[in-house]
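Student: What the sequence shown shows, in the numbering used here, is residues 31 to 605, in sequence order. Below: one structure in structure tokens.
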Amino acid sequence: MSTLISGARVLLECLSREGVEVIFGYPGGVTLPLYDAIYDNPIKHVLVRHEENAAFSAAGYARATGRTGVCCATSGPGATNLTTGLVDAMMDSIPIVALTGQVLSKLIGTDAFQEADTFGITRPCTKHNFLVKDIKDLAQTVHEAFYIASTGRPGPVLVDITKDVLMAMSHYTPVTEIHLPGYKVVTDGHAGQIRRAAQMMWEASRPYVYAGGGILAAGATPELTELVDTLDAPAVCTLMGLGGLSSSHPNFVSMPGMHGSYAANMGMYECDLLIALGVRFDDRVTGRLAAFAPHAKVIHLDIDPAEIGKIRTADLPIVGDAKKVLSKLNKNLKEMEAEMAPLHSEDRKAWWKQIRAWKEEHPLAPSFSTDEIKPQHLMYEIDKLSGGEAIVSVDVGQHQMWAAQFIRFNQPRTWICSGGLGSMGFGLPAAIGAQMAHPDKLVFAICGDGGFQMAIPELATLANQGLPVKVVVMNNGYLGMVRQWQDLFYNNRLSSVEICSFPNIEMLAGAYGIKGRIIRSPLELVPALKEMIAEPGPYVLDVRVTQFENVYPMVPAGGAINEMVLAPPQPVAVP
């Protein structure tokens, strides 16, 4: 007979058996039994400075590893502070298990101190959630939570545990079976549909691969690369899919969408077969839907059947795991290659000639100035120094788009961003999670001056943990993307977007025991970046960039994907 242990220790035993290495959290009254058990447990706990950042850090860990991230918060405000991070993980399909404490079972519904209906609040922003009020259910529930979070389309799962469950005594009984009758995951894909997809790919004159975050979630980078090589088709990766195909691959065009390249968007518009792999046809990619890929048949592969046909009707739908399906698809493509590849070889040569012409006509090239640091120049130099191998975590705004445009990602899980939710304050805590996962890897947290100020307290976490995250603040004195929209669509009526005061980074970082530096001249940029990278600990670099630079290309809201604004409006000469 096993020894009686507390519910808190049962919980930690479950986490250990799930391979959990680190928990990001913030303690409170009802989670004290858990934190007492953590005191002498080998699982590492990282004390963040806000519960929202615990969820973002867990997401950063999950995005950088593919493993399930874990965060923890107390009842009431601790749990409600997690919700933004849970929505972020839900929209980007990131596996997280969030553990929250709840008041004593007998006090639920009495408006007890720090009571909130965490179960009800988080139901719409999680893949699934649980409320545990009996210690007999605890172990089974925790293992089910990890299974649900990491299988099928990944996502966040919340387990709300009452304080009396954490304090109760029980035996830990290993869970050997997960039985969820209502939860079915289709992974293999339909053999006939896969074979037909291979035929359609060889029959197409202008095939185009459109790959998204589902490729990364499935670990399908090798299979995607093989497919692109076999077909010799041009390929784009969405904001969430960057790194799914190496940026250095000769067939990689760039990112498509609102701030995608001219060539990427024109390819989407003119193709006759759109091979959509692990994507959800997000509005930031499609632009005006009626004008999106108007000449194309669509093959749509996704693990989530709810995504098939939700936005764009698929001529050939395939429900399944991208790695498994692409492996079978590649086998079919190879079997048909000798017979079918010659069918449209001349058409495909012309297609590639057109793609290259678009790239030459409007290249995605950085801007430089001898007087001030251009934002594009900053990203260009970060890219040169990182060589496409560093982990880059970004906040949300203009810097996010410039980073996506100009930094290469040659490996999967090296680009970390809040894609669907677009949550400011994400970049720094997510970088903390990524650095915890990869302590020896170069990790950048690239933030705007707005988003950085939402996450300043996490400089304390960097200092306390000794994490060598390189924080780069692209500082233009504005909420840049909002200012850009006000400039272009609201007659430049700049309302509440100027950041009138910003802390002295050298003094701020120094107050946390971290090195910091401010630079303003292009001549300072490369030496400052090299100094930052050489520093063995954390570093904050405040880069003062051109204030009124806008991100181009840009597809205006409601515009078609081929209706890009490629440069700032030019003043009309008066005769």
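The beta carbon of each residue, even a glycine, is placed where N, CA and C say it ideally should be.
(1) For a test of the three-state rule: what should DSSP assign to H330, helix, strand or coil?
(2) I'd like to know whether the C-beta atoms of R183 and D334 end up nearer to each other than 8 Å.
(3) Mind checking who M504 pairs with in its DSSP beta bridge?
(4) Which residue or residues does DSSP assign as beta-bridge partners of G55?
(5) As a quick exercise: from V499, R550 and Q435, pick the residue whose alpha carbon is nearest that of P583.
(6) Who pairs with N159 in a beta bridge, going by DSSP?
(7) CA-CA distance, K74 and F160?
(8) Excluding the 5 residues preceding and the 5 following V581 in the sequence, name in chain order all residues of the same chain whose CB lies nearer than 7 Å to its CB.
(9) Within 10 angstroms of its Cβ, does N521 collect 16 or more other Cβ (buried), or is it exposed?
(10) Where do the ends of the alpha helix (DSSP H) carrying P459 lie?
(11) Are the CB atoms of L356 and L254 within a distance shorter than 8 Å?
(12) Going by alpha carbons, who is nearest to R225 out of W232, L303 and N362?
(13) Taking the alpha-carbon positions, what's the G567 to L492 distance?
(14) Determine the closest residue to L472 out of M511, V426, L559 and V503, with distance taken between C-alpha atoms.
(15) Give the single residue among I476, G96 and Y292 whose Cα lies nearest to the Cα of W388.
(16) Kindly list the residues whose CB is nearer than 8 Å to the CB of I35, restricted to its own chain and excluding five residues on each side of it in sequence; keep chain order.
(17) Helix, strand or coil: how does DSSP classify V585 here?
(18) From the DSSP output, read off the bridge partner residues of Q132.
(19) Could you check if T130 is buried or exposed, using at least 16 other CB atoms within 10 Å of its CB as the buried criterion?
(20) Express the C-alpha separation of A84 and T98 in angstroms, rounding to a whole number.
(21) I believe V195 touches L168 by the beta-carbon criterion, under 8 Å. Please report the beta-carbon distance rounded to the nearest angstrom.
(22) Starting from the C-beta of C301, find all residues in its chain whose C-beta is less than 6 Å away, skip the five residues before and the five after it, and write them out in chain order.
(23) Put P393 into one of helix, strand or coil per three-state DSSP.
(24) Applying the criterion that 16 or more other CB atoms from any shown protein chain within 10 Å of the CB defines a buried residue, is H173 buried or exposed?
(25) Between N506, M511 and G463, which has its C-alpha nearest E488's C-alpha?
(26) Take the Cβ of H209 as the centre, count every other Cβ of all protein chains shown within 10 Å, and call the residue buried at 16 or more, exposed below.
(27) Confirm the yes/no value for this check: CB of G297, any heavy atom of the ligand MG, distance under 7 Å.
(28) From the DSSP secondary-structure annotation, give me the bridge partner or partners of C4.
(29) Suppose you measure from the CA of D262 to the CA of Q223; what does that come to, to the nearest Å?
(30) So is V556 buried or exposed if we call it buried at 16+ other beta carbons inside 10 Å?
(31) Beta carbon of T28, beta carbon of P552: below 8 Å?
(32) Out of A146, L62, E81 and A67, point me to the one whose CA is closest to Y56's CA.
(33) What did DSSP end up calling P347 once you bin it into helix, strand or coil?
(34) Just to confirm my understanding: we take M594, look at its own chain, exclude 5 residues before and 5 after, and list those with CB closer than 7 Å. What are they?
(35) Mapping DSSP to helix, strand and coil, what is M31?
(36) Sort G273, T576, A94 and V60 by Cα distance to A142 and report the nearest one.
Tutor: The structure says:
(1) The count along the sequence shown starts at 1 and reaches residue 330 at position 300. H330: strand per DSSP, three-state reduction.
(2) Counted from its first residue, the sequence shown places residue 183 at position 153. Counted from its first residue, the sequence shown places residue 334 at position 304. Less than 8 Å divides the Cβ of R183 from the Cβ of D334.
(3) Reading the sequence shown from its first residue, position 474 is the one you call residue 504. According to DSSP, which records beta bridges pairwise, M504 is partnered with G478 and V573.
(4) Here residue 55 refers to the residue found at position 25 of the sequence shown. DSSP, once it has assigned bridges, lists L77 and C102 as partnering G55.
(5) By one-based count along the sequence shown, residue 583 stands at place 553. Nearest of V499, R550 and Q435 to P583, Cα basis: Q435.
(6) Counting from one through the sequence shown, the residue named residue 159 turns up at place 129. Answer is L188, bridged to N159.
(7) Counted from its first residue, the sequence shown places residue 74 at position 44. Counted from its first residue, the sequence shown places residue 160 at position 130. Cα to Cα, the separation comes out at about 24 Å.
(8) Residue numbering aside, residue 581 sits at position 551 when the sequence shown is read from its first letter. Counting only Cβ-Cβ distances below 7 Å, and skipping sequence neighbours, we find H289, Q428, M431, W432 and Q514.
(9) Mapped onto the sequence shown, residue 521 falls at position 491. Burial call: exposed.
(10) Walking along the sequence shown from the start, residue 459 turns up at place 429. P459 -> alpha helix (DSSP H) spans G457 to A467.
(11) Counted from its first residue, the sequence shown places residue 254 at position 224. Counted from its first residue, the sequence shown places residue 356 at position 326. Going by C-beta atoms, L254 is nearer than 8 Å to L356.
(12) On the sequence shown, position 195 is the one that residue 225 refers to. Nearest of W232, L303 and N362 to R225, Cα basis: N362.
(13) Taking the first residue of the sequence shown as position 1, residue 567 is located at position 537. Taking the first residue of the sequence shown as position 1, residue 492 is located at position 462. Distance between the alpha carbons of G567 and L492: 9 Å.
(14) Within the sequence shown, residue 472 is the residue found at index 442, counting from 1. Closest in alpha carbon position to L472, among M511, V426, L559 and V503, is L559.
(15) As a working note, residue 388 is residue 358 in the sequence shown. The candidate whose alpha carbon is nearest that of W388 is Y292.
(16) Your numbering for residue 35 matches position 5 in the sequence shown. For I35, where only same-chain residues beyond five positions count, the Cβ hits under 8 Å are E43, M199, S200, H201 and Y202.
(17) What you label residue 585 is simply residue 555 of the sequence shown in a count that begins at 1. Residue state, collapsed to three classes: coil.
(18) Along the sequence shown, read from residue 1 onward, the residue named residue 132 stands at position 102. DSSP, once it has assigned bridges, lists T192 as partnering Q132.
(19) Here the question's residue 130 lines up with position 100 in the sequence shown. With 16 or more Cβ atoms within 10 Å of its Cβ, T130 is classed as buried.
(20) Position 68 of the sequence shown holds residue 98. Position 54 of the sequence shown holds residue 84. Cα to Cα, the separation comes out at about 14 Å.
(21) Taking the first residue of the sequence shown as position 1, residue 195 is located at position 165. Taking the first residue of the sequence shown as position 1, residue 168 is located at position 138. Going by Cβ atoms, the distance from V195 to L168 rounds to 6 Å, so yes, they are a contact pair.
(22) In the sequence shown, counting from the first residue as 1, residue 301 sits at position 271. Counting only Cβ-Cβ distances below 6 Å, and skipping sequence neighbours, we find R236, Y238 and A326.
(23) As a working note, residue 393 is residue 363 in the sequence shown. Coil at P393, not helix or strand.
(24) Stepping through the sequence shown from its first residue, residue 173 is reached at position 143. Classification for H173: buried.
(25) Locating residue 488 in the sequence shown gives position 458, counting from the first residue. Cα-wise, what sits closest to E488 is G463.
(26) Mapped onto the sequence shown, residue 209 falls at position 179. When all chains shown are included, H209 counts as exposed.
(27) Of the ligands one can find in the structure shown there are none, so the ligand MG has no counterpart to examine.
(28) Only positions 31 to 605 of the chain appear in the structure, and residue 4 is not among them; the question remains open.
(29) If you number the sequence shown from 1, residue 262 lands on position 232. If you number the sequence shown from 1, residue 223 lands on position 193. Taking the straight line joining both Cα atoms gives about 21 Å.
(30) As a working mapping, residue 556 is identified with position 526 in the sequence shown. Classification for V556: exposed.
(31) Outside the displayed range of the chain (31 to 605) lies residue 28, so it cannot be described from this structure.
(32) For this step, residue 56 is matched to residue 26 along the sequence shown. Here the closest residue by C-alpha is E81.
(33) Residue 347 sits at position 317 when you count from the first residue of the sequence shown. P347: strand per DSSP, three-state reduction.
(34) As a position in the sequence shown, residue 594 is number 564, starting the count at 1. Within the same chain, M594 has close Cβ partners Y292, N295, P583, M584 and V585.
(35) Here residue 31 refers to the residue found at position 1 of the sequence shown. Summary for M31: the model assigns pLDDT 44, below 50, so the residue's position carries little reliability; its value from the coordinates is reported in the next sentence. Coil, per DSSP.
(36) What you label residue 142 is simply residue 112 of the sequence shown in a count that begins at 1. Closest option to A142, Cα to Cα, is V60.
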